[in-house]
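Going left to right, the sequence shown walks through residues 16 to 286 as my numbering numbers them.
What follows is a short report on a single structure.
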Amino acid sequence: MNAPDLPLILEADALEPILGNSGLLVVDLTKPATYAELHIPGAVYLDYGQIIAIRKPTMGLLPETAELERIFSALGIDDSVHVVAYDDEGGGKAGRLLWTLEVMGHTRFSLLNGGLHAWANEGHPLEQTAATPSPRQFQAQPTTDPVADGDYIKQHLGDAGIALLDARSADEYSGVKKYAEKAGHIPGAINMDWLLALDQQRNLRLKPDADLEQMLTDLGIRKEHEVITYCHTHHRSSLTYVMLKAQGFPRVKGYPGSWSDWGNRPDTPIA
Numbered sequence: 016m017n018a019p020d021l022p023l024i025l026e027a028d029a030l031e032p033i034l035g036n037s038g039l040l041v042v043d044l045t046k047p048a049t050y051a052e053l054h055i056p057g058a059v060y061l062d063y064g065q066i067i068a069i070r071k072p073t074m075g076l077l078p079e080t081a082e083l084e085r086i087f088s089a090l091g092i093d094d095s096v097h098v099v100a101y102d103d104e105g106g107g108k109a110g111r112l113l114w115t116l117e118v119m120g121h122t123r124f125s126l127l128n129g130g131l132h133a134w135a136n137e138g139h140p141l142e143q144t145a146a147t148p149s150p151r152q153f154q155a156q157p158t159t160d161p162v163a164d165g166d167y168i169k170q171h172l173g174d175a176g177i178a179l180l181d182a183r184s185a186d187e188y189s190g191v192k193k194y195a196e197k198a199g200h201i202p203g204a205i206n207m208d209w210l211l212a213l214d215q216q217r218n219l220r221l222k223p224d225a226d227l228e229q230m231l232t233d234l235g236i237r238k239e240h241e242v243i244t245y246c247h248t249h250h251r252s253s254l255t256y257v258m259l260k261a262q263g264f265p266r267v268k269g270y271p272g273s274w275s276d277w278g279n280r281p282d283t284p285i286a
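Below you can see the structure in the form of structure tokens.
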């Protein structure tokens, strides 16, 4: 079977009938113990630590292209495969996988809305047997379109056409909580805690489109902006990135390293 044509945000009810499609790869980014206890039938496991690089004090960087090619090949991804990613924490880890795939030139992917919470709590089938990946040849075609590094942001500080969206907590944004050499936020950044996008009453799904649209409008985030998302490591802000793409924002970038980069550099202004 060919890879299915699926939306960026995929509901559990739409995924269940197509499980087993040879053009579909479901990737689980939960904790190892969770995967061993229950997962979506056929889902292959990916340790989140494999798709991030650390150069202390900076965390959440992009691994080398060759390393990602190796990981994605072993997982069973190539151009013909549509990836559906999920986790058990609201979509940060799954979102980071999708963003990383996009940076590597692979755009056939979906986020399972609500992840394991929605799947398990709404009666969909589960299994305990670990799925063995069927390796394929992943050939990266890297693009910088989804990426904004610290230097790029410094060059564009104050640009009217760019909006910086800080997905950390209000305390991190204000500098009350400090996890880097410097506390605070990038000058001009707007704060929207990533959790505000999640519907706690609907198994951690994204809130309805109209609610998210209103929230972004109220914050002054408009579709004519190039929006750059960041948090502390571009983990939480990866979900924000996917949410913005799903809302139809045409130009969105993520900041790998995020505040662990900006807040530890001697050459960066803070607010």
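Ideal placement from N, C-alpha and C gives every residue a C-beta, glycine not left out.
Being a predicted model, the structure only gives us computed values, none of them experimental.
Check, Outcome
"Please report the distance separating the alpha-carbon of residue 112 from that of residue 248.", "13 Å"
"For residue 42 and residue 264, I'd like the C-alpha separation in whole angstroms.", "25 Å"
"Which runs of the alpha helix (DSSP H), 4 residues or longer, sit entirely within the region 59-112?", "80-90"
"Using the Cβ count rule (16 or more neighbours within 10 Å means buried), how would you classify residue 191?", "exposed"
"Work out the CA separation of residue 270 and residue 245 for me, nearest whole Å.", "5 Å"
"Do residue 217 and residue 129 come within 8 Å of each other at the CB atom, strictly closer than that value?", "yes"
"Using only CA atoms, which one of 231, 118, 185, 142 lies nearest to residue 268?", "118"
"Taking the alpha carbon of residue 31 as the reference point, which residue from 44, 47, 58, 163 has its own alpha carbon closest?", "58"
"Drop a sphere of 10 angstroms on the beta-carbon of residue 79, count the other beta-carbons inside from all chains shown, and report buried for 16 or more, exposed for fewer.", "exposed"
"Residue 184 by DSSP, collapsed to three states: which one?", "coil"
"Do you know offhand how far residue 159's Cα is from residue 37's?", "30 Å"
"Going along the chain, which residues of its own chain have a beta-carbon closer than 6 Å to the beta-carbon of residue 208, five neighbours each way excluded?", "184"
"Hey, would you say residue 21 sits closer than 8 Å to residue 125, going by beta carbons?", "yes"
"In its own chain, which residues sit with a C-beta less than 6 Å from the C-beta of residue 254, not counting the 5 before and 5 after it?", "106, 107, 110, 209"
"Go ahead and pull the three-state DSSP assignment for residue 266.", "coil"
"Kindly list the residues whose CB is nearer than 7 Å to the CB of residue 3, restricted to its own chain and excluding five residues on each side of it in sequence; keep chain order.", "The chain is shown from 16 up to 286; residue 3 falls before or after that span and cannot be answered."
"Have a look at residue 121 and residue 25 and give me their C-alpha separation to the nearest angstrom.", "17 Å"
"In three-state DSSP terms, what is residue 244?", "strand"
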